[in-house]
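Below: the structure, in structure tokens.
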Amino acid sequence: GQQVMQIPQYQHVQEGEDFTTYCNSSTTLSNIQWYKQRPGGHPVFLIQLVKSGEVKKQKRLTFQFGEAKKNSSLHITATQTTDVGTYFCAGPMNTGFQKLVFGTGTRLLVSP
Amino acid sequence: GAGVSQTPSNKVTEKGKYVELRCDPISGHTALYWYRQSLGQGPEFLIYFQGTGAADDSGLPNDRFFAVRPEGSVSTLKIQRTERGDSAVYLCASSFQGTGELFFGEGSRLTVL
Numbered sequence: 074g075q076q077v078m079q080i081p082q083y084q085h086v087q088e089g090e091d092f093t094t095y096c097n098s099s100t101t102l103s104n105i106q107w108y109k110q111r112p113g114g115h116p117v118f119l120i121q122l123v124k125s126g127e128v129k130k131q132k133r134l135t136f137q138f139g140e141a142k143k144n145s146s147l148h149i150t151a152t153q154t155t156d157v158g159t160y161f162c163a164g165p166m167n168t169g170f171q172k173l174v175f176g177t178g179t180r181l182l183v184s185p
Numbered sequence: 389g390a391g392v393s394q395t396p397s398n399k400v401t402e403k404g405k406y407v408e409l410r411c412d413p414i415s416g417h418t419a420l421y422w423y424r425q426s427l428g429q430g431p432e433f434l435i436y437f438q439g440t441g442a443a444d445d446s447g448l449p450n451d452r453f454f455a456v457r458p459e460g461s462v463s464t465l466k467i468q469r470t471e472r473g474d475s476a477v478y479l480c481a482s483s484f485q486g487t488g489e490l491f492f493g494e495g496s497r498l499t500v501l
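Residue numbers (this note's numbering), protein chains in the order written: chain A, 74 to 185; chain B, 389 to 501.
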């Protein structure tokens, strides 16, 4: 079945350092979404990318959708302690646009 | 309501018992989803409703799991003859017409002893 993998599984950075998580799908995606889940919390939507090669920015966060629409990345510039959490990418399964398959997640820890 | 509401927030039960988990989506959202999340894992799709009907229930692990949404709003996930492996956080999400952003509830943490 369709799989969505993320690397790294875990990263620990010092506040102010940059962070990047990579998302790879076994199949081409019509779109990709990113979610953030704080410890003990629920996933919260960050952004959706639709176009091949699309790049979107939200303040210190930069999201990119690969040209082949099979991979994506999230880059955080100058991390802050508020960035702590697990970041998930999610893409729709081939058989159903509404059926989002979530990636394995990257857990980010930021030390002050 | 302002967001997706799930009850109970925590449920501890014994192996073999029956459990119901409730989800009240955002008003006006026609699409409702159930996901299951185990510790350290991403959310795993269970079922998706568009209105009152289950549009896709392919993620339900077996016939012990069943979900309903009789009036197109509140949904109940029902688990019969619970097993220890059912222990997880059950997340409900809703979206406007089934496209774009999912709004998740806080989840119901189920522990089967």
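Think of the CB as a built atom: it goes at the ideal place given N, C-alpha and C, for glycine as much as any other residue.
Interface residues of chain B around residue i at Cβ under 7 Å?
i	result
G178/A	G430
K172/A	F433, Y436 and D444
F175/A	G430 and P431
At 9 Å on the CB atoms, spell out the chain B contacts of residue i, in chain order.
i	result
Q121/A	G488 and E489
H85/A	Ordered by position in chain B, no residue passes the 9 Å Cβ test against H85/A, which lies about 16 Å from the chain.
F51/A	Residue coverage of chain A in this structure runs from 74 to 185, which leaves residue 51/A outside it and unanswerable.
Closer than 8 Å, CB to CB, is residue i near chain A or not?
i	result
G416/B	no
E459/B	no
A419/B	yes
G493/B	yes
Looking at the C-beta of residue i, does it have a partner C-beta in chain B at a distance below 8 Å?
i	result
P116/A	yes
Considering only residues of the same chain and omitting the five flanking positions on each side of residue i, which have a CB-CB separation below 7 Å?
i	result
Y423/B	P431, E432, F433, L434, L479 and A481
P185/A	E88 and T154
E494/B	Q394 and S397
V123/A	N104
D445/B	I435
F118/A	Q106 and Y108
K403/B	T470, E471, R472, V500 and L501
In this structure, what does DSSP give as the bridge partners for residue i?
i	result
H85/A	L182/A
D412/B	S393/B
S98/A	V77/A
E432/B	R424/B
P165/A	L173/A
Leaving out five residues before and five after residue i in sequence, what residues of the same chain have Cβ atoms less than 6 Å from its Cβ?
i	result
T150/A	D91 and R133
G460/B	G439 and T440
R497/B	N398 and V477
T101/A	K142 and K143
R111/A	G158
V183/A	V86, E88, T152, T154, D156 and V157
R410/B	T395 and T464
F453/B	I467
For residue i, go through chain A and note every residue whose CB falls closer than 8 Å to its CB, in chain order.
i	result
L479/B	H115 and P116
G441/B	Per Cβ cutoff of 8 Å: no residues; G441/B is ~13 Å from chain A at best.
Please work out which residues of its chain come closer than 8 Å, Cβ to Cβ, to residue i, disregarding the five sequence neighbours upstream and downstream, and give them in chain order.
i	result
V77/A	C96, N97, S98, S99, C162, A163, G164, V174, F175, G176 and T177
Helix, strand or coil for residue i? Go by DSSP, reduced to three states.
i	result
T401/B	strand
D445/B	coil
T155/A	helix
R424/B	strand
G488/B	coil
G114/A	coil
R472/B	helix
Is there at least one Cβ from chain D nearer than 8 Å to residue i's Cβ?
i	result
Q394/B	You won't find chain D in this structure, because its protein chains are A and B.
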